[in-house]
Amino acid sequence: MLRAVIQTHLCPLHRAFRQAPGRQLRRIPSCTASRSPALLSCAPWQPGIMAAIALKPLIAVCQLTSTPDKEQNFASCSQLIQEAAHRGACIVFLPEAFDFIGSDMQETLSLAESLEGAQIQRYAGLARECGVWLSLGGFHERGEDWASTRRIYNSHLLLDPTGHVVATYRKTHLCDVELEGRVSMKESKFTNPGPEIVPPVSTPAGKVGLAICYDLRFPEISLALTQEGAEILTYPSAFTVTTGSAHWEVLLRARAIETQCYVVAAAQTGKNHERRTSYGHSMVVDPWGCVIAQCQEGPGLCYAEIDLGYLRRIRREMPVCTHRRADLYGRVTVLKKPPPP
């Protein structure tokens with residue numbers, strides 16, 4: 001059974017902020033994905049505000065256990081996407097390696113496809129069928145240079161409800177980590193680094209900035225995307241248990257606080273193959289830095305409303321962006337084109 005939990009406990013400062021004069025606080029009790037079409041039916045009727053509530057876009061965040069079996073993975077993703085669409089989500093976020101997680105480098109390279117391949121075409125069909133935007137968080141892409149490099153890209157694709165790929169971000173920070181006796185990863189052995197940061201994309205939920213997993217450790221990319229107008233930052237991931245238990249939540253909350261953005265993090269969970277177990281804990285963090293939605297253990301979905309009015313109020317009352325001292329340490333910006341070699 002697919003499971004999810006919505007986290008509604010607010011930290012004291014956040015509770016005070018949201019209950020300040022001029023904002024009506026609406027409390028949604030905890031509920032699971034199996035109980036409400038859009039989570040709104042969990043809340044008691046409150047005359048005068050339900051129309052405003054309905055206008056807030058709902059997003060869905062998927063948690064998966066991808067394996068080397070691409071067909072099984074697609075079936076799992078398809079089920080989650082269809083359920084999220086049925087419950088009223090306008091965007092569905094999938095984690096890094098939603099397509100597969102290979103058991104070794106050779107298998108990974110052999111299973112990779114181009115963007116024109118059958119796999120992405122199937123997801124384009126799902127987007128059209130369900131009428132939703134899809135954030136495909138980390139696709140193993142054979143790029144145009146595959147024949148010469150024999151390396152792939154880790155690509156985050158954003159599809160609109162017509163199935164059109166409106167943005168493609170190729171992971172710029174590759175995870176080469178050696179924690180003795182615990183974690184050994186060398187992504188650069190078979191992956192090309194992406195050449196650029198992609199400007200945010202306007203969606204029904206807000207302006208979405210694309211990143212992937214290890215990018216989370218580099219605040220420069222989140223600042224660059226925010227200065228280009230991002231309101232939602234996405235970090236689809238496949239954190240290990242070792243690094244996830246130590247750093248996952250604190251990094252996500254930090255990125256939300258420093259950018260005053262919503263942060264959406266779909267994640268891999270559980271045993272992907274004999275040598276790989278992922279941390280999970282997919283979540284959504286609001287612009288005040290509080291976790292407002294989080295998945296339980298195992299594959300499933302969690303949902304969150306995106307309140308851009310609330311985001312703008314935080315930015316107005318604590319204008320961090322205008323307080324930056326670019327005269328002292330420069331300004332992080334998105335390059336429209338990569339610099340010449």
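In the UniProt record's numbering, the protein residues as written are 1 to 341.
Backbone N, C-alpha and C define an ideal beta-carbon position, used for all residues, glycine too.
Around the beta-carbon of E274, fewer than 16 other beta-carbon atoms lie within 10 Å, marking it exposed. E180 counts as exposed, since fewer than 16 other C-beta atoms from the protein chains shown sit within 10 angstroms of its C-beta.
In this structure, G102 is the residue among L94, P57, A84 and G102 with its C-alpha nearest to the C-alpha of T67.
By a beta-carbon distance limit of 8 Å, H281 contacts C295. Their separation comes to about 7 Å. Boundaries of the beta strand (DSSP E) harbouring Q294: V291 to Q294, taken from the DSSP string. In this structure, P236 lies near F93, with their beta-carbon atoms less than 8 Å apart. Classified as exposed, V320 has fewer than 16 neighbouring CB atoms from the shown chains inside 10 Å of its CB.
Taking C-alpha positions only, K271 is separated from S78 by approximately 20 Å. In the three-state DSSP reduction, H173 falls in the coil class, being neither helix nor strand.
Secondary structure at L126: helix, using DSSP grouped into helix, strand and coil.
Following the DSSP letters along the chain, one finds A97 in no alpha helix (DSSP H), marked with neither H nor E. By the neighbour-count criterion, in which 16 or more other beta carbons inside 10 Å mark a residue as buried, P195 falls on the exposed side. When DSSP states are grouped into helix, strand and coil, H140 belongs to the strand group. In chain order, G289 place their CB closer than 7 Å to the CB of I257, counting only its own chain and leaving out the 5 sequence neighbours on each side. Checking the DSSP bridge columns, you'll see Q63 partnered with A267 and G300.
Residue state for L223 is assigned as helix, using DSSP reduced to three classes. For the pair E141 and A266, the Cα-to-Cα distance works out to about 19 Å. Counting every other CB atom within 10 Å of its CB across the protein chains shown gives L136 a total of 16 or more, marking it as buried. If you ignore the 5 residues before and after T162, its C-beta comes within less than 8 Å of the C-beta of A127 and R128, all in its own chain and listed in chain order.
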